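K.L.:
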Amino acid sequence: MTTTPAPIDGPNADAFSACNDLAAAKNANLYRAAMRLGPERQRFFLAAYASMRVIDDIVDDGFLELTDHERDYAREDTLIAIDQWQQQIEAAKKDNDNPHPESGPLNQRVFDALRLTLGRSDLEVDPWVDLADALRRDVAEDPMDEWDDFIAYCEGATAAPASIFVYLLSARFDNEIGYTSPLTNPPLYHARDMAIFCYVVHILRDLPDDIKGPDRLVTIPAEILIAADITLGEIRNAIGQKKYDDLDRLGTILLERAWEHFETGQARSAELLAILDPEETDTLSRLFAVYIELASAMMDNGYAAFLKDRDTIIAQTANNSLPG
752 MTTTPAPIDG
762 PNADAFSACN
772 DLAAAKNANL
782 YRAAMRLGPE
792 RQRFFLAAYA
802 SMRVIDDIVD
812 DGFLELTDHE
822 RDYAREDTLI
832 AIDQWQQQIE
842 AAKKDNDNPH
852 PESGPLNQRV
862 FDALRLTLGR
872 SDLEVDPWVD
882 LADALRRDVA
892 EDPMDEWDDF
902 IAYCEGATAA
912 PASIFVYLLS
922 ARFDNEIGYT
932 SPLTNPPLYH
942 ARDMAIFCYV
952 VHILRDLPDD
962 IKGPDRLVTI
972 PAEILIAADI
982 TLGEIRNAIG
992 QKKYDDLDRL
1002 GTILLERAWE
1012 HFETGQARSA
1022 ELLAILDPEE
1032 TDTLSRLFAV
1042 YIELASAMMD
1052 NGYAAFLKDR
1062 DTIIAQTANN
1072 SLPG
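Each residue of the sequence shown is one higher than the one before, counting from 752 in my numbering.
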């Protein structure tokens, strides 16, 4: 099976094409994996991920990039945007009209695509609500002091989108009844711990890029920084001066935490195998393999060695498991 998207045609082609433009722009690994699904499930992924991408960009690329003064001024409007977005999601699920066709974060095309997919499924809106809660914490700039704060954030910011992917792996589509899944546990049960594992690896992978921005964009809890005896400023200096050895302890601590979730995640993912067909099992395995290989590269010779050869390793791991 290839990762080539199914042709988008039919009376709603414009809506799903708009979603594809948004979904393909970021998170290439998840997008590549989703494009291994059948065309109906691809469309659901495009609608779901595009709808999340819209509000995430408003917070990450809009609000959090502002100066202190600008954020104070924009905070209330950003929270209103999150509220309107959640109302649009809930309306799409109920197959209702767009409640905010002019002012809402979701334009009409993305809203229509979501109504045609989420609105014809047995998936609840919980993943979108959990994401909204995580984004509200971002906008409130709640401190991330302890590991438990980080986990609570992850459940909305990364486990929620991953749970939609788990749902789609198991779902079947019927023209009459829409999308249904045989899962007996909520999708989040299967997705949570592997998503946290992947997110920690993602943080370590992208740290040289993320540290260039404001401190608030680096989601490493204070508890971990204290344990590693390093500050964000010292991380920034170490990366800028290519003193990667100074970051080895930080990498070791985060990877140890990540592997704790990996063990639970693997067990819960294995429970899916009884209902997935071989191609779906292969897709899930390939997605996990990208992050497992990255984590292994960080552990084999240390995080510093990974950073020195980062670009090459990233390209190799992605292409090995999810070739474009």
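C-beta atoms are modelled at their ideal positions from N, C-alpha and C, and glycine is treated no differently.
Note that this is a predicted model, so its numbers are computed, not measured.
Would you mind stating whether residue 849 and residue 835 have Cβ atoms separated by less than 8 angstroms?
P.N.:
Start at 1 with the first residue of the sequence shown, and residue 849 comes out as number 98. Start at 1 with the first residue of the sequence shown, and residue 835 comes out as number 84. Against a cut-off of 8 angstroms, the Cβ pair of residue 835 and residue 849 comes out as no contact.
K.L.:
If you reduce the DSSP assignment to three classes, tell me which class residue 789 lands in.
P.N.:
Numbered from its first residue, the sequence shown carries residue 789 at position 38. Coil.
K.L.:
Check each candidate in 938, 1048, 1056, 907 and name the one with the smallest Cα separation from residue 1068.
P.N.:
Counting from 1 along the sequence shown, the entry for residue 1068 is found at position 317. Per the Cα distances, 1048.
K.L.:
Mapping DSSP to helix, strand and coil, what is residue 872?
P.N.:
Taking the sequence shown and counting its residues from 1, one reaches residue 872 at position 121. Strand, per DSSP.
K.L.:
Can you find at least 3 beta carbon pairs, one from the stretch 931-941 and one from the stretch 803-815, that sit closer than 8 angstroms?
P.N.:
The stretch 931-941 vs the stretch 803-815: no contact.
K.L.:
My output table needs one value for residue 935: the three-state DSSP class, helix, strand or coil.
P.N.:
As a first step, residue 935 is located in the sequence shown; it is residue number 184 there, counting from the start. Residue 935: coil per DSSP, three-state reduction.
K.L.:
For the putative contact between residue 973 and residue 896, defined by C-beta atoms under 8 angstroms, what is the C-beta separation to the nearest angstrom?
P.N.:
Position 222 of the sequence shown, counted from the first residue, corresponds to residue 973. Position 145 of the sequence shown, counted from the first residue, corresponds to residue 896. The pair is a contact, with the Cβ atoms about 5 angstroms apart (cut-off 8 angstroms).
K.L.:
Excluding the 5 residues preceding and the 5 following residue 908 in the sequence, name in chain order all residues of the same chain whose CB lies nearer than 6 angstroms to its CB.
P.N.:
One-based indexing of the sequence shown puts residue 908 at position 157. Contacts found: 885.
K.L.:
Under 8 angstroms, with one C-beta from each stretch per pair, do the stretch 1019-1038 and the stretch 979-991 reach the 3-pair mark?
P.N.:
No contact exists between the stretch 1019-1038 and the stretch 979-991.
K.L.:
If you follow the beta strand (DSSP E) that residue 1013 is part of, which residue opens it and which one closes it?
P.N.:
Looking up residue 1013 in the sequence shown gives position 262. Looking at the DSSP string, residue 1013 is not in any beta strand (DSSP E); the run it does join, the alpha helix (DSSP H), is 999-1021.
K.L.:
Distance, Cα to Cα, residue 752 vs residue 825?
P.N.:
Within the sequence shown, numbered from 1, the residue matching residue 752 stands at position 1. Within the sequence shown, numbered from 1, the residue matching residue 825 stands at position 74. Summary for residue 752: the model assigns pLDDT 46, below 50, so the residue's position carries little reliability; its value from the coordinates is reported in the next sentence. Those two C-alpha atoms are separated by around 46 angstroms.
K.L.:
What are the uninterrupted segments assigned as alpha helix (DSSP H) that are 4 or more residues long and contained completely in the stretch 901-958, given in chain order?
P.N.:
910-921, all fully within the stretch 901-958.
K.L.:
Compute the Euclidean distance between the alpha carbons of residue 979 and residue 816, then round it to the nearest angstrom.
P.N.:
Mapped onto the sequence shown, residue 979 falls at position 228. Mapped onto the sequence shown, residue 816 falls at position 65. Answer to the nearest angstrom: the Cα atoms are 27 angstroms apart.
K.L.:
Is it the case that the stretch 856-873 contacts the stretch 792-805, given that we only count it when at least three CB pairs across the two stretches are under 8 angstroms?
P.N.:
Contact holds: three or more Cβ-Cβ distances are below 8 angstroms.
K.L.:
So, at 6 angstroms on beta carbons, what are the nonlocal neighbours of residue 1058 in its own chain, with the 5 sequence-adjacent residues on each side left out?
P.N.:
To locate residue 1058, count along the sequence shown from 1; it is residue 307. 995.
K.L.:
Pop quiz: residue 918 and residue 970 are said to be a contact at Cβ under 8 angstroms. What is the actual Cβ separation, rounded to whole angstroms?
P.N.:
The residue you call residue 918 lines up with position 167 of the sequence shown. The residue you call residue 970 lines up with position 219 of the sequence shown. Between residue 970 and residue 918 the Cβ distance is about 25 angstroms, and since that is not below 8 angstroms, they are no contact.
K.L.:
I believe residue 948 touches residue 1042 by the beta-carbon criterion, under 8 angstroms. Please report the beta-carbon distance rounded to the nearest angstrom.
P.N.:
Residue mapping note: residue 948 aligns to position 197 of the sequence shown, counting from 1. Residue mapping note: residue 1042 aligns to position 291 of the sequence shown, counting from 1. Their Cβ separation, rounded to whole angstroms, is 7 angstroms, which keeps residue 948 and residue 1042 in contact under 8 angstroms.
K.L.:
Is residue 1070 helix, strand or coil when you go by DSSP?
P.N.:
To locate residue 1070, count along the sequence shown from 1; it is residue 319. In the structure shown, residue 1070 sits in a helix (DSSP, three-state: H, G or I).
K.L.:
Just curious, the alpha helix (DSSP H) that residue 829 is in, first and last residue?
P.N.:
In the sequence shown, the residue the question calls residue 829 occupies position 78. First-last of the alpha helix (DSSP H) with residue 829: 819-844.
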